[in-house]
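**Student:** Here you go, one structure.
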Amino acid sequence: MSKNFDVIVIGAGPGGYIAAIRAAQLGFAVACIDEWKNEKGGPAPGGTCTNVGCIPSKALLQSSEHFEHAGHSFADHGIGLTNLSIDVAKMLGRKNTVVKQNNDGILFLFKKNKITFFHGRGAFGKAVDGGYEIVVGDEVLVGKQVIVATGSNARPLPGTPFDEEMVLSNDGALRIPAVPRKMGLIGSGVIGLEMGSVWRRLGADVTVLEALPTFLGAVDEQIAKEAHKAFTKQGLKIELGVKVGDIKVGKKSVTVAYTDAKGGAQELVVDKLIVSIGRVPNTIGLGAENVGLKLDERGAIVVDELCKTNLPGVWAVGDVVRGPMLAHKAEEEGVAVAERIAGQHSHVNFNTIPWVIYTSPEIAWVGQTEQQLKAAGRAYKAGTFPFLANGRARALGDTTGMVKFLADAATDEILGVHIVGPMASELIAEAVVAMEFKASSEDIARICHAHPSLSEATKEAALAVDKRTLNF
Ligand code: FAD
Ligand code: NAI
Numbered sequence: 122m123s124k125n126f127d128v129i130v131i132g133a134g135p136g137g138y139i140a141a142i143r144a145a146q147l148g149f150a151v152a153c154i155d156e157w158k159n160e161k162g163g164p165a166p167g168g169t170c171t172n173v174g175c176i177p178s179k180a181l182l183q184s185s186e187h188f189e190h191a192g193h194s195f196a197d198h199g200i201g202l203t204n205l206s207i208d209v210a211k212m213l214g215r216k217n218t219v220v221k222q223n224n225d226g227i228l229f230l231f232k233k234n235k236i237t238f239f240h241g242r243g244a245f246g247k248a249v250d251g252g253y254e255i256v257v258g259d260e261v262l263v264g265k266q267v268i269v270a271t272g273s274n275a276r277p278l279p280g281t282p283f284d285e286e287m288v289l290s291n292d293g294a295l296r297i298p299a300v301p302r303k304m305g306l307i308g309s310g311v312i313g314l315e316m317g318s319v320w321r322r323l324g325a326d327v328t329v330l331e332a333l334p335t336f337l338g339a340v341d342e343q344i345a346k347e348a349h350k351a352f353t354k355q356g357l358k359i360e361l362g363v364k365v366g367d368i369k370v371g372k373k374s375v376t377v378a379y380t381d382a383k384g385g386a387q388e389l390v391v392d393k394l395i396v397s398i399g400r401v402p403n404t405i406g407l408g409a410e411n412v413g414l415k416l417d418e419r420g421a422i423v424v425d426e427l428c429k430t431n432l433p434g435v436w437a438v439g440d441v442v443r444g445p446m447l448a449h450k451a452e453e454e455g456v457a458v459a460e461r462i463a464g465q466h467s468h469v470n471f472n473t474i475p476w477v478i479y480t481s482p483e484i485a486w487v488g489q490t491e492q493q494l495k496a497a498g499r500a501y502k503a504g505t506f507p508f509l510a511n512g513r514a515r516a517l518g519d520t521t522g523m524v525k526f527l528a529d530a531a532t533d534e535i536l537g538v539h540i541v542g543p544m545a546s547e548l549i550a551e552a553v554v555a556m557e558f559k560a561s562s563e564d565i566a567r568i569c570h571a572h573p574s575l576s577e578a579t580k581e582a583a584l585a586v587d588k589r590t591l592n593f
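Quick note: to get my numbering, add 121 to the position in the sequence shown (first position is 1).
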């Protein structure tokens, strides 16, 4: 006997579980299927984000930042410490607890919203009258509407598979049992910088090898330059413009042969190698071929701007479709799709999706970069304000970086806001709201911001667009 649902969601990452909750709120009978297992084989909903992504990486970033502060900046505050040590097993245990709290939270939300959860792999069986058969283990479900939110997997280097012992994806990078003496990372993108920071702070000698000649090419150049300066000062070795060659994986070390930017042959020998060169959409075992669900050449599910696939009643959201691979993007798409199924006209504004890199200093931005505006020939005004001139940043003892505003030269509409510095991840929210409301830089400049707060740097950067900063 099949079980019938209005909406079946495949995948319980941020795209899937949020879509399921919104669909249930709208009155639909909803099933959500997820195959992730915890170490006891039980369900661990939350996807990459909760299990091996956003949440555990931020837990380790926090622990390692505490360690770095204790070792390097407590003394400035007059706080003395002797015999500082790090218990990596305890740190990883705390991270695991944080992950479990999130897994349990999602299971609770499924119950609260009367969503039927199935633990296992969901695959398309066939199209049936008025919907689709989805097979989970021995069970056959029928959904009038199906939302696919199967996420993404780490991309390995050709010829060097992840063994999660010596060559690590994000999964292994989040559970290294002891601080490696020497660590290599391939790819200085978001994961490379976040994971590199964690293990560097804990004492590893970290080298990052990046193929592109520019550092953080998608980030505003001025901000990327400032970040590069800060990371280098901290001791993170970042080599740009390299070509990675042969990789030899031994029992105790990994040897990476590469050509440096000047064409010189180099070799890097490390205890652990993290490969963070991007992620690939995941449709493994989904049975897309059983129903003719269209994928592109990268394996992503092809969708239109509304997340509709080529099949009527089948939608796809999150990392498995085009667009930035971000948890909050997946969530927004999940909500919008559930609402569209209910006949609503929801919209996701791709121009106001914020990006955050949780290093220290943090990097956050929304909207367009200066190089994008130049390339588009758009007339703009720029204003920057350094945290060095912000009272709260001085009191915190963290004055690296700046806030930068880019506004239209004629209308003053904010086109982009870029931050490198303390709590950039929180500060960017104001810029997102401003851009959603099509605010001008003058609007932000005239809003009262609490003193002393880091947000005053945002106000001052807005004032700087019109060359009238008050504190710099
Ligand atoms: P996923 O989270 O990947 O979830 C997909 C789920 O579907 C998984 O549970 C999977 O097991 C399940 N699944 C797949 N196929 C099937 C099937 N056939 N049947 C049943 N279940 C299936 N983003 C941010 O916004 N902020 C961050 O700070 C951040 N940090 C990150 C750190 C790291 C180390 C990594 C790797 C990623 C990070 N991301 C971050 C990206 C973020 O994790 C993803 O964008 C997000 O998880 C995508 O959500 P999703 O729902 O599309 O897919
Ligand atoms: P990424 O796309 O951010 O960075 C990959 C980097 O590897 C790029 O700089 C690329 O030029 C480089 N690269 C590619 N091939 C290479 C090669 N052969 N040799 C050397 N360098 C090479 O991908 P990453 O870091 O793997 O992260 C994947 C995605 O996960 C991110 O794009 C992001 O969407 C998401 N994520 C988000 C986070 C956040 O929001 N804070 C944190 C971590 C991941």
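Yeah, the Cβ is synthetic: ideal placement off N, Cα and C, and Gly gets one too.
Which one or two residues does DSSP pair with TYR253 in a beta bridge?
**Tutor:** As a first step, residue 253 must be located in the sequence shown, where it is residue number 132. According to DSSP, which records beta bridges pairwise, TYR253 is partnered with ALA248 and GLY264.
**Student:** Given 8 angstroms as the limit, is there contact between the stretch 324 to 340 and the stretch 277 to 296, that is, 3 or more CB pairs closer than that?
**Tutor:** Judged by Cβ distances under 8 angstroms, the stretch 324 to 340 makes no contact with the stretch 277 to 296, as fewer than three pairs qualify.
**Student:** In the structure shown, what three-state DSSP assignment does ILE565 receive?
**Tutor:** Your numbering for residue 565 matches position 444 in the sequence shown. Helix, per DSSP.
**Student:** Okay, do the stretch 376 to 386 and the stretch 398 to 415 touch, 3+ Cβ pairs below 8 angstroms being the bar?
**Tutor:** Taking 8 angstroms as the limit for Cβ pairs, the verdict is that the stretch 398 to 415 does not touch the stretch 376 to 386.
**Student:** Are the beta-carbon atoms belonging to ALA133 and ILE227 less than 8 angstroms from one another?
**Tutor:** The sequence position of residue 133 within the sequence shown is 12, counting from 1. The sequence position of residue 227 within the sequence shown is 106, counting from 1. Contact: yes.
**Student:** Do VAL365 and the ligand NAI come close, with the Cβ less than 7 angstroms from some heavy atom?
**Tutor:** For the purposes of this step, residue 365 is taken as the residue at position 244 of the sequence shown. Yes, the beta carbon of VAL365 sits closer than 7 angstroms to at least one heavy atom of the ligand NAI.
**Student:** Let me confirm a value: CYS170 is counted as buried when at least 16 other C-beta atoms fall within 10 Å, else exposed. Which label applies?
**Tutor:** Here residue 170 is taken as the residue at index 49 of the sequence shown, counted from 1. Classification of CYS170: buried, given that the 10 Å Cβ count is 16 or more.
**Student:** Strictly by DSSP, which residues pair up with CYS153?
**Tutor:** As a first step, residue 153 is located in the sequence shown; it is residue number 32 there, counting from the start. In DSSP, CYS153 forms a bridge with VAL130 and PHE238.
**Student:** Using a threshold of 7 angstroms, is the CB atom of ALA583 nearer than that to any non-hydrogen atom of the ligand NAI?
**Tutor:** Locating residue 583 in the sequence shown gives position 462, counting from the first residue. Answer for ALA583: no, Cβ out of range of the ligand NAI.
**Student:** Alpha carbons only, please: which of TRP320, TYR501 and ILE142 is nearest the one belonging to ILE209?
**Tutor:** Sequence index remark: in the sequence shown, residue 209 carries index 88 (1-based). Strictly speaking, residue 209 in this sequence is Val, with Ile absent from that position. Residue TRP320 is the option with its Cα nearest to VAL209.
**Student:** Classify ARG589: buried if its beta carbon has 16 or more other beta carbons within 10 angstroms, exposed otherwise.
**Tutor:** Within the sequence shown, residue 589 is the residue found at index 468, counting from 1. Exposed, by the Cβ-count rule.
**Student:** Can we count MET446 as close to the ligand NAI, meaning its CB is less than 7 angstroms from some heavy atom?
**Tutor:** Translated into positions along the sequence shown, residue 446 becomes position 325. Yes - the ligand NAI has a heavy atom lying nearer than 7 angstroms to the Cβ of MET446.
**Student:** List the residues that DSSP assigns as beta-bridge partners of PRO402.
**Tutor:** Against the sequence shown, residue 402 aligns to sequence position 281. According to DSSP, which records beta bridges pairwise, PRO402 is partnered with SER273.
**Student:** What do you reckon, is the C-beta of ASN592 under 7 angstroms from a heavy atom of the ligand FAD?
**Tutor:** Here residue 592 corresponds to residue number 471 of the sequence shown, with the count starting at 1. Because no heavy atom of the ligand FAD lies under 7 angstroms away, the Cβ of ASN592 does not count as near it: no.
**Student:** Assuming MET316 contacts VAL375 under a Cβ cut-off of 8 angstroms, what Cβ separation, rounded to an integer in Å, is found between them?
**Tutor:** In the sequence shown, the residue the question calls residue 316 occupies position 195. In the sequence shown, the residue the question calls residue 375 occupies position 254. About 15 angstroms separates the two Cβ atoms, so there is no contact after all.
**Student:** Here's the rule I'm using: 16 or more other beta-carbon atoms within 10 Å means buried, otherwise exposed. How should ALA528 be labelled?
**Tutor:** Reading the sequence shown from its first residue, position 407 is the one you call residue 528. The residue in question, ALA528, is buried, as its Cβ has 16 or more Cβ neighbours within 10 Å.
**Student:** Quick one, are the C-beta atoms of THR218 and ALA152 less than 8 angstroms apart?
**Tutor:** Along the sequence shown, one-based indexing puts residue 218 at 97. Along the sequence shown, one-based indexing puts residue 152 at 31. No. Outside cutoff.
**Student:** Just curious, the alpha helix (DSSP H) that THR218 is in, first and last residue?
**Tutor:** Counting from 1 along the sequence shown, the entry for residue 218 is found at position 97. Here the alpha helix (DSSP H) through THR218 covers 209 to 233.
**Student:** So does THR271 have its beta carbon nearer than 7 angstroms to some heavy atom of the ligand FAD?
**Tutor:** Here residue 271 is taken as the residue at index 150 of the sequence shown, counted from 1. Within the cutoff, so yes.
**Student:** Tell me the DSSP secondary structure of MET523 in three-state form.
**Tutor:** Within the sequence shown, residue 523 is the residue found at index 402, counting from 1. Reduced to three states, the DSSP call for MET523 is strand.
**Student:** Would you say the beta carbon of SER184 comes nearer than 7 angstroms to a heavy atom of the ligand FAD?
**Tutor:** In the sequence shown, counting from the first residue as 1, residue 184 sits at position 63. The answer is no for SER184.
**Student:** Can LEU306 and GLY313 be called in contact, C-beta distance under 8 angstroms?
**Tutor:** On the sequence shown, position 185 is the one that residue 306 refers to. On the sequence shown, position 192 is the one that residue 313 refers to. Yes, Cβ-Cβ distance for LEU306 and GLY313 is below 8 angstroms.
**Student:** Got a sec? Which residues, its chain only, sit under 7 angstroms from LYS429 by beta carbon, not counting five neighbours each side?
**Tutor:** Stepping through the sequence shown from its first residue, residue 429 is reached at position 308. Counting only Cβ-Cβ distances below 7 angstroms, and skipping sequence neighbours, we find TRP436.
**Student:** Can you tell me where the beta strand (DSSP E) holding ALA503 begins and where it ends?
**Tutor:** The count along the sequence shown starts at 1 and reaches residue 503 at position 382. ALA503 -> beta strand (DSSP E) spans 501 to 507.
**Student:** Quick check: the Cα distance between ASP392 and PHE229, rounded to an integer number of angstroms?
**Tutor:** Against the sequence shown, residue 392 aligns to sequence position 271. Against the sequence shown, residue 229 aligns to sequence position 108. Their Cα atoms are separated by approximately 41 angstroms.
**Student:** Of the choices GLY385, ALA196 and VAL269, whose alpha-carbon is the least far from that of ASP440?
**Tutor:** In the sequence shown, residue 440 corresponds to position 319, counting from 1. Taking only the C-alpha atoms, the option nearest ASP440 is VAL269.
**Student:** Alpha carbon to alpha carbon, what distance is there between VAL469 and ARG143?
**Tutor:** Taking the first residue of the sequence shown as position 1, residue 143 is located at position 22. Taking the first residue of the sequence shown as position 1, residue 469 is located at position 348. Their backbone Cα atoms lie some 15 angstroms apart in a straight line.
**Student:** Between the C-alpha atoms of GLU156 and PRO164, what's the straight-line distance to the nearest angstrom?
**Tutor:** As a first step, residue 156 must be located in the sequence shown, where it is residue number 35. As a first step, residue 164 must be located in the sequence shown, where it is residue number 43. When rounded, the distance between both Cα atoms is 7 angstroms.
**Student:** Of the choices VAL396, ASN431, HIS466 and MET544, whose alpha-carbon is the least far from that of ASP284?
**Tutor:** Looking up residue 284 in the sequence shown gives position 163. Ranking VAL396, ASN431, HIS466 and MET544 by Cα distance to ASP284 puts VAL396 first.
**Student:** Under a three-way DSSP split, which group does THR590 fall into?
**Tutor:** Numbered from 1 along the sequence shown, position 469 holds the residue referred to as residue 590. Coil.
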